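Start counting at 1 in the sequence shown, then tack on 23, and there's your number in the working numbering.
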Amino acid sequence: MRKTAAFALLLLILVGHACAQPLSPVKESKLKKRGARLIKESEAVGLSVGIISRGQSYYFNFGTINPDFNVAPTSQSVYQIGSVTKTFVSLLLAQAVIEKKISLDDDIRKYLDDSYPNLEYKGHPIALLHLANYTSGLPDNLLPASATEDSSAFQTEQRMSTFTKKDLMQALKTVTLDTIPGYHPHHSNTAAQLLRYIIEKIYASPIEKSVREFILDPLKMNDTSFGTEMSDHNLLTGYNDKGKAMPWFTNSFHSGTGGIRSSAADFTKYMFYLLRSPDAQTKLALRKTILVDAGTNKVIGFNPPDKIDPTKYSVSLNWYHYAPELGNSRIFADGGTPGFACYVSMYPESDLGIVLLANKLSEKVFNGLSSFADEIYKICMDKK
């Protein structure tokens, strides 16, 4: 990873000379009109957009930092990124594989301190890979008894603040798998939490420290932090669909699932690194592991080759892949926390990355981000 740090610094020097070059007036006008329309139609509060295109970075900001002040966000405004946090943990997983500390095929129970005979289905155990490609079969959340999916954000955050690793491991004993791991993708924060604790055990270091040492510091992502670090520099307030201010994630339990905060300026550095890095761990993190039928959401193949097929999608390590047409293969991830939404889309063939950060979480905002990202791609590629 030391070579990674050196290469990352070289990339940043190169991209630094290309930053802030203007888009053509026509493209900029189209993008600004579409962003303003998204704010209006989705009733969003603020929105920051970061684009890295062929080594050049662009930033656009819409709306306001909160409903009461007519102050626009900036490229340094900080938002919670939700489940996109998992991509950082997966990069550490890939690094551990390259360093031969672990194998993606390892039974996860090899790294757990207690006995879990329940974490297999008919002799098929959960592997490390399954924790990172959504196919573990574990429930989405194992909440403390006093916190339910219907609890208010404030109540849940308060109760989760006392929920520890020990509590999670105890709750894990109550899980019963109902399918063979590796065949049915679905979102699981429980899987991500387990992966976080396993990575911490492998590196004998808190996940916050490892992410900072191996990713954030080498990439000079100075605006990016975990909620546990209590850094509120440029941090925006997030709002729910009713316009109510929401609590930030500040306890360690969220660190591996949704605890990272970042800015558009920082995230373009991360995307640039992922798009350009020749490092083995980056390639492994983005290597497709399963092919999924979009209609049935069932795994129909493993380690799929690159192929155009709008009826299928693939999954790597906490990244989705979709190739609906020639020259338009994309790698994407999204995340949401109470009050924040994030969408990331990268187009390797076009050397293009797009991040959208919003400080309001609602169905209209969440859906609007992916649509806007698709339009940004078309605008940048002169397809619209």
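Backbone N, C-alpha and C fix where the C-beta goes; we use that ideal spot for every residue, glycine too. None of the values given here were measured: they were computed from a predicted structure.
Beta-carbon gap between residue i and residue j smaller than 8 Å
i	j	result
V378	M244	no
T360	F272	yes
S352	R310	no
H210	D255	no
K383	G261	yes
S285	I104	yes
Y144	L200	yes
I221	I283	no
A287	L380	yes
R77	E398	no
Residue i, DSSP secondary structure in three states
i	result
A95	coil
P148	strand
E172	Because E172 sits at a pLDDT of 47, beneath the cut-off of 50, its placement in the model cannot be relied upon, and the point is left open.
V120	helix
E143	strand
F85	strand
G359	strand
I323	strand
D130	strand
I75	strand
S49	Ser is not the amino acid found at residue 49; the sequence shown has Val there. Looking at V49 - three-state DSSP - the assignment turns out to be helix.
D397	helix
M192	helix
S368	strand
A67	coil
K407	coil
G281	coil
S275	helix
L265	Looking at the sequence shown, residue 265 is not Leu but Lys. Looking at K265 - three-state DSSP - the assignment turns out to be coil, as it is neither helix nor strand.
R60	helix
L114	helix
8 Å contact criterion, which residue i and residue j should meet: CB distance rounded
i	j	result
T251	P204	Wrong, their Cβ atoms sit about 30 Å apart, outside the cutoff.
G391	L298	Contact doesn't hold; Cβ gap of about 24 Å is too wide.
L165	L195	7 Å
V68	T87	6 Å
N263	G362	6 Å
F92	I62	The pair is not a contact, with the Cβ atoms about 15 Å apart (cut-off 8 Å).
Burial state of residue i, where buried means 16 or more other Cβ atoms lie within 10 Å
i	result
I323	exposed
D246	buried
E348	exposed
A156	One point to set straight first is that residue 156 is Asn, not Ala, in the sequence displayed. Per the 10 Å Cβ criterion, buried.
P148	buried
P301	exposed
D357	buried
G318	exposed
Q304	buried
F276	buried
I331	exposed
Q193	exposed
P328	exposed
V120	buried
K292	buried
Pairwise C-alpha distance: residue j and residue i
i	j	result
M369	G146	38 Å
V101	S248	9 Å
S393	I354	12 Å
T171	N89	For T171, the pLDDT reaches just 46, beneath the cut-off of 50, and the residue's location in the model is therefore unreliable, leaving the point undetermined.
Y314	F111	Reading the sequence as shown, one finds Leu at residue 314 and not Tyr. One C-alpha to the other measures close to 22 Å.
S47	A396	18 Å
P371	I74	13 Å
L114	K306	10 Å
K123	D129	12 Å
D173	V49	Low confidence applies here, because D173 scores a pLDDT of 45, under 50, leaving its location unreliable; read the following figure in that light. Answer to the nearest angstrom: the Cα atoms are 46 Å apart.
K232	N257	21 Å
K401	Y343	20 Å
V107	V367	8 Å
A364	K387	11 Å
G279	Q216	6 Å
A41	D289	Because A41 carries a pLDDT of 47, less than 50, the predicted location of this residue cannot be relied on, and no value is offered for it.
S65	K189	41 Å
P140	H207	21 Å
K407	L70	22 Å
S373	G350	8 Å
T413	Y345	In the structure as shown, the chain starts at 24 and stops at 407, and residue 413 therefore has no counterpart that could be examined.
F83	S52	11 Å
Q435	M404	In the structure displayed, the chain extends from 24 to 407; residue 435 sits before or after that span and is not available.
T312	K133	22 Å
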